[in-house]
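S.K.: Have a look at the structure that comes next, please.
Number of protein chains: 2
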Amino acid sequence: MPVLTWLIPIAGGAAVLYALWLAQDVLRRDPGTPQMQEIGGMIFEGAMAFLTRQYGTIAIFATITAVIIGLVVGGVSDGVKEIVLKDGQADYGGVVVGQWTEGLMTGIAFLVGAACSGLAGFIGMYISVKSNLRTAAAAQRSLKDAITVSLRGGAVSGFLVVALSLLGVSGIFAVYSNLLGNPPAIAPFLIVGFGFGASFVALFAQLGGGIYTKAADVGADLVGKVEAGIPEDDPRNAAVVADLVGDNVGDCAGRGADLFESMSAENIGAMILGVAIYTVTGKIEWIIFPLVLRSFGVLATIVGLSSVPFFTREGSSQNPMTPLNYGFYVVSVLSVIGLGIATKSLMGDAWYWFFFCGIVGILTGIAFVYITQYYTAGSWRPVKEIADASRTGPATNIIIGTAVGFETTALTAVAIGAALVSSFILGSHADVQGVPAFTTGIFGTAVATMGMLMSAAYILAMDTFGPITDNAGGITEFSGAPESARHITDSLDAVGNTTKALTKGYAVASAGLAAFLLFSAYLDKVKERLGRPLTGELPIDLSNVDVFVGALLGVMLVFLFSSLAIRSVGKVGGAIIEEVRRQFRDDPGIMAGTSRPNYARAVDITARAALRAMVAPGVLAVGMPVVTGLVFRYVVADLHTGDVKDSGWLAVAGLLMVGTIGGIILATFLNNSGGAWDNAKKYIEAGEQTDEAGHVLGKGTPTHAAAVVGDTVGDPFKDTAGPALHVLVKLLSTITLVLAPLFIAT
Amino acid sequence: MPVLTWLIPIAGGAAVLYALWLAQDVLRRDPGTPQMQEIGGMIFEGAMAFLTRQYGTIAIFATITAVIIGLVVGGVSDGVKEIVLKDGQADYGGVVVGQWTEGLMTGIAFLVGAACSGLAGFIGMYISVKSNLRTAAAAQRSLKDAITVSLRGGAVSGFLVVALSLLGVSGIFAVYSNLLGNPPAIAPFLIVGFGFGASFVALFAQLGGGIYTKAADVGADLVGKVEAGIPEDDPRNAAVVADLVGDNVGDCAGRGADLFESMSAENIGAMILGVAIYTVTGKIEWIIFPLVLRSFGVLATIVGLSSVPFFTREGSSQNPMTPLNYGFYVVSVLSVIGLGIATKSLMGDAWYWFFFCGIVGILTGIAFVYITQYYTAGSWRPVKEIADASRTGPATNIIIGTAVGFETTALTAVAIGAALVSSFILGSHADVQGVPAFTTGIFGTAVATMGMLMSAAYILAMDTFGPITDNAGGITEFSGAPESARHITDSLDAVGNTTKALTKGYAVASAGLAAFLLFSAYLDKVKERLGRPLTGELPIDLSNVDVFVGALLGVMLVFLFSSLAIRSVGKVGGAIIEEVRRQFRDDPGIMAGTSRPNYARAVDITARAALRAMVAPGVLAVGMPVVTGLVFRYVVADLHTGDVKDSGWLAVAGLLMVGTIGGIILATFLNNSGGAWDNAKKYIEAGEQTDEAGHVLGKGTPTHAAAVVGDTVGDPFKDTAGPALHVLVKLLSTITLVLAPLFIAT
């Protein structure tokens, strides 16, 4: 074991301790006025009730799925073979883990992954909800205080997610290799279930939360602002609490589960890729490298986050984004140093090639921060163009917004493509004791992905900062706090919108970079099953009709999945509207302000409807790759002439790879068009759009009304379908990785 | 030469004669009242002015491109090698056509293809514009008369397009093989330029026309109905004539060029696939089969179209769609018979496998007629859902419309996938004298494509019927004809909307089926250049980073291209609005009805702006595959380790194949969401949407206003970007086919 292995538990432990320290720091702060505490309590109860119910449902699904996985893997696999060096290739020896043991271990890994993901989401949420209230209280005193509380609250979630992923993956790896006495080369194949468990929970958490939050938002707005003519966040609207709860369950818990699974799946995938190099070189470093690099990232992030207060100027008119940006630079610089140490110590003479791969990843992360800002922030051309088009009504607002959204896919695709090609080329130049250039090239893309994700905890902290400040604003409004406090929460909210958009760009970029690594892991699994050397190539031929049709179905899947997700928001929103209307009708005292609406009932109805609505897209996501694989394996393959038996896994490979491409592009469109519409509305509200005669076209004008239409359309795009697509593309990778034997006829 | 070869000139000649007979029948009919003739004259002049200017611009582009192609192909190719039988494989002999001769022949073929496409569009347009007027005149007498005139006018365009494609491809094939003494096996490779020329013109015709028609439509509506408060098609609106001109240049000329290039490119691609089988079997039948099958299709269509009047009930309340459907069934049944004769006579003992492939194609065509109707006609769930969502405003209308549009990709992808897999499997079972199953399988997909396109002339006639009746309605309104005539044109217009939607579904399905055939032709070209046997496989490995990144760029290309196309409509629409406003301002007599607006100026300004706007997306479409191929060939390949030289053509293959998948899916979304929004508006206008209390929500209600927003958003989707994407995916095939040598390092 290399010395640096010890860094893994140290960094993981440090992250947990740091998160605990942050949590108790937030919790001991002033929870605000009694009114604030009252509404804060309602949000807390609503959020916890939803999460309990949601995770309860997910737990049942997950347990059933774990049993199925165990039975399927146990039934169709023929055990895990030892991986040995044969003629300079990573080839196979005898079976070392029997098929039913493999099934059992995969099922258990699935449950552990699912449980860790649930835990990370739950704890992060708990602290976030508590932080909302304390941020609202702090906003009555000063901006700096409010920033500190909200950022620390967000950081708890960020660090717990990263620590749980690091400790979870390395822990189960340690147990499945050292403790159970399996060779380290096969352990990564045994823990793939962990990644699937994490994606499984993430999919449902992101879907359920995303549907809940936007349905509550759209429903509350339509029934309150539009129908009843009362302001946003007005206490007379029974849906207001549901709306505030939604921000927490969608943005905090959902995004946390999303990044948890990204990091876990990518770690495991990279470890699998490392196996081939380990077998040839005999150095375990290649397998544990991803975990070590992640550990350096965690330490860099702790320092970077702690540095933010030093960059904050008390009482000045400093943009709150500025210290956050400086903190990110600190993380980036320290990450480069950590990357240098990790590659130099673990990767032998050719280390510098992989160092440059990691640099490519770090630069890609930074590039996406800027690309996203350009397309969704009000200071640049795209948002201005949409605001301008709003002058001729909602139709032109939507047309130009769609055009802008389509356009944003260009830079995204070019940046991801350049990162993939350059990291592959850099990696392939590394001369590692006769390992084929193709294998080190793929590992180079894995290093780039790992390099980019070193700053994940920081990004996640900034992301959770968004809903915390958003909620703090709601609490401030709802509890009738003074204007000055509202002003502070408003300025934080604007920053929160930017950081939320950044996280999505970052998530898309990491999904794109990781795509290649993850389906290389799938191909390694297929090679293992087919008995082909891990260091050899295995072409997925697009001119093969099975691959091509799989690819067509993959792109279709991301469109159909988005359709279901978007439509769910409409359906659940309808349920809320009906309930609020009923309350207004049954108790006229609500409108008069003499009696309180039944918030809890509105929260409960939304929760039930959202959970029902997450089932259809969830089942589609899990079911379609499986059904495609089975149909091609058992029906199409039989219809082919001769002894063609590869249809199953080939069609799945096409679906996985091209579905990932489609998912990245479609998610980019959905996220960025939604963000741009939102900010075009804000741009007009800020009074920056004028008509031809130079009159300001602010709130209350038809131009603003047109922009509101765009904003509403963008909501389910950017907060439900887009983020759910990030999870979908990774779920495709993990599900196919775990169930690969099912699609392979032998 | 098999006897059936003679069918080709016979069918081509019959189609031309039939078209001429129809044309003179239409032209000798009553051209209506003097008012009608006046407005008809203006439309005629405007349309011809635009077309002259447009084809003038395209001619310059095309000539330059032809020279470049000639120089590039001549410069980089090393001549065309003879194709001979070696060890049972279709392999190569010596060079039979020198490189500069190849360049010259390719450049000439490009120009001939471009000229034929231009001619087809021009003549079809000419007759359509004349038919508009005569349909309006006939509508003053009877429905049956109006149907006859408009359908015959549309049929002229349909038959000319099909005949020009058939005679053009077979003519240039005859010249390049028999006349110049080249072996028939290499002639198909020499005429690929014809397909590229056709796509080139189609792209610009579809883009220019699509932008023109929707910009004029949106501009006329916004400045007339919304700003000035005057009715649609009111003579005081200077943009009205431009709007009427737009229907002709977009829907007639654009769609004609689109289908012309589909048929030409697919014929040539299928002939190239036939070469491999010809070389092994020595039977020229495999090369000319596509042309013979097309000839049977033409004859079937002449009978089918002539049968329509027999199904039309004079004076009854028959739905005008009914006789058209019966006519389509006649064409389908006769096509099956023709398919049987062609396969039985030309394909030897295993003919029935290919017969079934053709049946798959014919069934796919029929399936798409129903799928499109389900998603875009008012009688089914999707349109009703959108109409329902309009009750809560434009935002929910757009959200649900988008969800419906995304959903429509599912059946489309499944139907295309099933057709591809089944025709491939059927074809691969055909035992053709030792030709590999893979080769006959690919040929099976080609036969399916050909089978589907047998009815192309009929579909095109129905399509052109749409804009003719639409324009006849405009002329009727504009010239102040009696209410009863307007009623007849309205009922025809509704049918025209359906037939236009059907054509788009048909075009997408044919693009999907043809995709496989066309890039198999690209791979054959690459094999020829690399010296690999035509009957061997050549994997396009998706796990190769160059292919994967090419694929990512391909999907991005279709989004970026759509962005540019959609945005152009907004820009050009703005130019029209400004001009109409200026005319209202400068001459108050226009609004008072005492002086006539300057229609010609509005037409001219729209034309100039539309032509400028078509350049950017056109250059992107042509430039991106070329730039990608060059960058990967010269930069990326050099950076790879070792002797990797395949990056160029592999990246292009990824871009082509996955770009095609993305294009099919995105076009389906754009076409169907647009159609569904349009019909949701019509559904509400027909008084079929009620509120909860059962009150009808017709014109003038906020629900209708919300539906109008959706309709306006859908316009550039379904009439500009969607149809342009059909052309784009085929242009990708033809451009890569012609320029393949440029991307291959040897």
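Protein sequence lines correspond, in order, to chains A and B. According to my numbering, the first sequence is numbered sequentially starting from 1. According to my numbering, the second sequence is numbered sequentially starting from 1001. Glycine is no exception: its CB is placed at the ideal position from the N, C-alpha and C atoms.
Please check if any C-beta of chain B sits within less than 8 Å of the C-beta of ILE416(A).
M.R.: Along the first sequence, one-based indexing puts residue 416(A) at 416. Chain B, which has a Cβ nearer than 8 Å to the Cβ of ILE416(A), makes this yes.
S.K.: Establish whether the CB of GLY121(A) and some CB of chain B are separated by less than 8 Å.
M.R.: Here residue 121(A) is taken as the residue at index 121 of the first sequence, counted from 1. It does not: the Cβ of GLY121(A) has no partner Cβ on chain B nearer than 8 Å.
S.K.: Specify the secondary structure class of VAL80(A) as computed by DSSP and reduced to three states.
M.R.: On the first sequence, position 80 is the one that residue 80(A) refers to. It is a strand residue.
S.K.: Round the Cβ separation of ALA446(A) and LEU517(A) to the nearest angstrom and send it over; I've been treating them as touching at under 8 Å.
M.R.: Sequence index remark: in the first sequence, residue 446(A) carries index 446 (1-based). Sequence index remark: in the first sequence, residue 517(A) carries index 517 (1-based). Indeed, because the Cβ distance is near 4 Å, the residues count as touching under 8 Å.
S.K.: List the whole-angstrom C-beta distance separating MET1125(B) from LEU1244(B), where the pair is believed to meet the contact cut-off of C-beta under 8 Å.
M.R.: Taking the second sequence and counting its residues from 1, the one referred to as residue 1125(B) is at position 125. Taking the second sequence and counting its residues from 1, the one referred to as residue 1244(B) is at position 244. That belief does not hold up - the Cβ atoms of MET1125(B) and LEU1244(B) are roughly 13 Å apart, past 8 Å.
S.K.: Tell me the DSSP secondary structure of LYS86(A) in three-state form.
M.R.: Walking along the first sequence from the start, residue 86(A) turns up at place 86. DSSP places LYS86(A) in strand when its eight states are reduced to three.
S.K.: Let me know if PRO1231(B) comes out buried or exposed under the rule of 16 or more other beta-carbons within 10 Å of its beta-carbon.
M.R.: Along the second sequence, read from residue 1 onward, the residue named residue 1231(B) stands at position 231. That one is exposed.
S.K.: Short of 7 Å Cβ to Cβ, which residues in the segment 1394-1405 of chain B face chain A?
M.R.: Of all residues in the segment 1394-1405 of chain B, PRO1394, ALA1395, THR1396, ILE1398, ILE1399, ILE1400, THR1402 and ALA1403 have a Cβ within less than 7 Å of some Cβ in chain A.
S.K.: Note down, in chain order, each residue of its chain lying with its Cβ closer than 7 Å to the Cβ of ASP1258(B), except the 5 sequence neighbours on either side.
M.R.: Numbered from its first residue, the second sequence carries residue 1258(B) at position 258. These residues qualify, in order along the chain: ALA1202, GLN1206, ALA1507, PRO1723, HIS1726 and VAL1727.
S.K.: Whole angstroms is fine: what's the gap from VAL1162(B)'s alpha carbon to VAL545(A)'s?
M.R.: As a working mapping, residue 1162(B) is identified with position 162 in the second sequence. As a working mapping, residue 545(A) is identified with position 545 in the first sequence. If I take the Cα positions, the gap works out to 29 Å.
S.K.: If we ignore side chains and look at the alpha-carbon of each, how far apart do THR503(A) and GLN37(A) end up?
M.R.: Numbered from its first residue, the first sequence carries residue 503(A) at position 503. Numbered from its first residue, the first sequence carries residue 37(A) at position 37. Going by the C-alpha atoms only, they are around 30 Å apart.
S.K.: Using only the alpha-carbon positions, how far apart do GLY1589(B) and ASN1598(B) sit?
M.R.: In the second sequence, residue 1589(B) corresponds to position 589, counting from 1. In the second sequence, residue 1598(B) corresponds to position 598, counting from 1. Taking the straight line joining both Cα atoms gives about 12 Å.
S.K.: I'd like to know if GLY1570(B) contacts chain A, where contact means its C-beta is closer than 8 Å to some C-beta of that chain.
M.R.: Here residue 1570(B) refers to the residue found at position 570 when the second sequence is read from its first residue. Answer yes: the Cβ-Cβ gap between GLY1570(B) and chain A drops below 8 Å somewhere.
S.K.: Kindly provide the ranges of any alpha helix (DSSP H) runs that are 4 or more residues long and lie completely inside the segment 1100-1188 of chain B, ordered along the chain.
M.R.: The segment 1100-1188 of chain B contains these whole alpha helix (DSSP H) runs: 1143-1174.
S.K.: Check the C-beta distance from GLY451(A) over to THR499(A) and give it rounded, since I have them as a contact under 8 Å.
M.R.: Your numbering for residue 451(A) matches position 451 in the first sequence. Your numbering for residue 499(A) matches position 499 in the first sequence. That belief does not hold up - the Cβ atoms of GLY451(A) and THR499(A) are roughly 21 Å apart, past 8 Å.
S.K.: Could you name the residues of chain B that SER563(A) contacts, counting a contact when the two beta carbons are closer than 9 Å?
M.R.: Counting from one through the first sequence, the residue named residue 563(A) turns up at place 563. By Cβ distance, chain B contributes THR1402, ALA1403, VAL1404, GLY1405, PHE1406, GLU1407, THR1408, THR1409 and ALA1410.
S.K.: Can you pull the DSSP bridge partners for THR1690(B)?
M.R.: For the purposes of this step, residue 1690(B) is taken as residue 690 along the second sequence, with counting starting at 1. For THR1690(B), which the question treats as bridged, DSSP gives the partners VAL1696(B).
S.K.: Assuming ILE172(A) and ALA109(A) form a contact by the criterion Cβ under 8 Å, report the distance between their Cβ atoms to the nearest whole angstrom.
M.R.: Position 172 of the first sequence, counting from 1, holds the residue named residue 172(A). Position 109 of the first sequence, counting from 1, holds the residue named residue 109(A). Going by Cβ atoms, the distance from ILE172(A) to ALA109(A) rounds to 6 Å, so yes, they are a contact pair.
S.K.: Do we get a CB-CB distance below 8 Å when we pair ILE1277(B) with the residues of chain A?
M.R.: The sequence position of residue 1277(B) within the second sequence is 277, counting from 1. Taking Cβ atoms only, chain A never reaches closer than 8 Å to ILE1277(B), which makes this a no.
S.K.: Verify whether the separation of the beta carbon atoms of ALA768(A) and LEU553(A) is less than 8 Å.
M.R.: Any question about residue 768(A) goes unanswered here, given that chain A covers just 1 to 746.
S.K.: If you run the structure through DSSP and keep just helix, strand and coil, what is ASP30(A)?
M.R.: Here residue 30(A) corresponds to residue number 30 of the first sequence, with the count starting at 1. Coil.
S.K.: Quick one: is HIS640(A) buried, meaning 16 or more other Cβ sit within 10 Å of its Cβ, or exposed?
M.R.: The residue labelled residue 640(A) in the question sits at position 640 within the first sequence. With 16 or more other Cβ atoms within 10 Å, it is buried.
S.K.: Quick one, are the C-beta atoms of GLY698(A) and GLY687(A) less than 8 Å apart?
M.R.: Sequence index remark: in the first sequence, residue 698(A) carries index 698 (1-based). Sequence index remark: in the first sequence, residue 687(A) carries index 687 (1-based). Cβ atoms of GLY698(A) and GLY687(A): closer than 8 Å.
S.K.: Check whether chain B comes within 8 Å of PRO539(A), counting only Cβ atoms and requiring the distance to be less than that.
M.R.: Residue numbering aside, residue 539(A) sits at position 539 when the first sequence is read from its first letter. Yes, PRO539(A) counts as interfacial toward chain B.
S.K.: Can you give me the start and stop residues for the alpha helix (DSSP H) that ASP1813(B) sits inside?
M.R.: Because chain B is modelled from 1001 through 1746, residue 1813(B) falls outside the range shown and cannot be assessed.
S.K.: Within 10 angstroms of the Cβ of TYR370(A), are there 16 or more other Cβ atoms? Answer buried if so, exposed if not.
M.R.: As a first step, residue 370(A) is located in the first sequence; it is residue number 370 there, counting from the start. Exposed, since its Cβ has fewer than 16 Cβ neighbours within 10 Å.
S.K.: Can you tell me whether ASP1091(B) is helix, strand or coil according to DSSP?
M.R.: For the purposes of this step, residue 1091(B) is identified with residue 91 of the second sequence, where counting begins at 1. DSSP places ASP1091(B) in strand when its eight states are reduced to three.
S.K.: I need the straight-line Cα distance from GLY536(A) to ALA1300(B), nearest angstrom please.
M.R.: Along the first sequence, read from residue 1 onward, the residue named residue 536(A) stands at position 536. Along the second sequence, read from residue 1 onward, the residue named residue 1300(B) stands at position 300. Their Cα atoms are separated by approximately 54 Å.
S.K.: Which residues in chain B sit within 9 Å of ILE566(A), going by Cβ to Cβ distance?
M.R.: Here residue 566(A) corresponds to residue number 566 of the first sequence, with the count starting at 1. Here the neighbours are ILE1399, ILE1400, THR1402, ALA1403 and PHE1406.
S.K.: I'd like the list of long-range same chain contacts for PRO290(A), defined as Cβ closer than 8 Å, with 5 residues on each side in sequence excluded.
M.R.: Sequence index remark: in the first sequence, residue 290(A) carries index 290 (1-based). Cβ neighbours of PRO290(A) beyond the five flanking positions: GLU266, ASN267, ALA270, MET271, GLY274, ALA446 and MET450.
S.K.: Measure from the alpha carbon of LYS1718(B) to the alpha carbon of each residue in LEU1143(B), ALA1342(B), LEU1346(B) and LYS1214(B), then state which is nearest.
M.R.: Here residue 1718(B) is taken as the residue at index 718 of the second sequence, counted from 1. Nearest C-alpha to LYS1718(B): LYS1214(B).
S.K.: By how many angstroms is the C-alpha of ASP1678(B) removed from the C-alpha of ALA395(A)?
M.R.: If you number the first sequence from 1, residue 395(A) lands on position 395. If you number the second sequence from 1, residue 1678(B) lands on position 678. Computed Cα separation, rounded: 13 Å.
S.K.: Is the CB of PHE1548(B) under 8 Å away from at least one CB in chain A?
M.R.: As a position in the second sequence, residue 1548(B) is number 548, starting the count at 1. Taking Cβ atoms only, chain A reaches closer than 8 Å to PHE1548(B), which makes this a yes.
S.K.: Let me check one thing: in DSSP terms, what residues is ASP251(A) bridge-paired to?
M.R.: On the first sequence, residue 251(A) is found 251 positions in, with the first residue counted as 1. Answer by DSSP bridge pairing: none, since ASP251(A) is not bridged.
S.K.: State the DSSP-derived secondary structure class of VAL96(A), mapped to helix, strand or coil.
M.R.: Start at 1 with the first residue of the first sequence, and residue 96(A) comes out as number 96. Of the three classes helix, strand and coil, the one that applies to VAL96(A) here is strand, per DSSP.
S.K.: With a CB to CB cut of under 7 Å and the five nearest residues on each side skipped, what residues in its chain are close to SER422(A)?
M.R.: For this step, residue 422(A) is matched to residue 422 along the first sequence. Here the set comprises VAL360.
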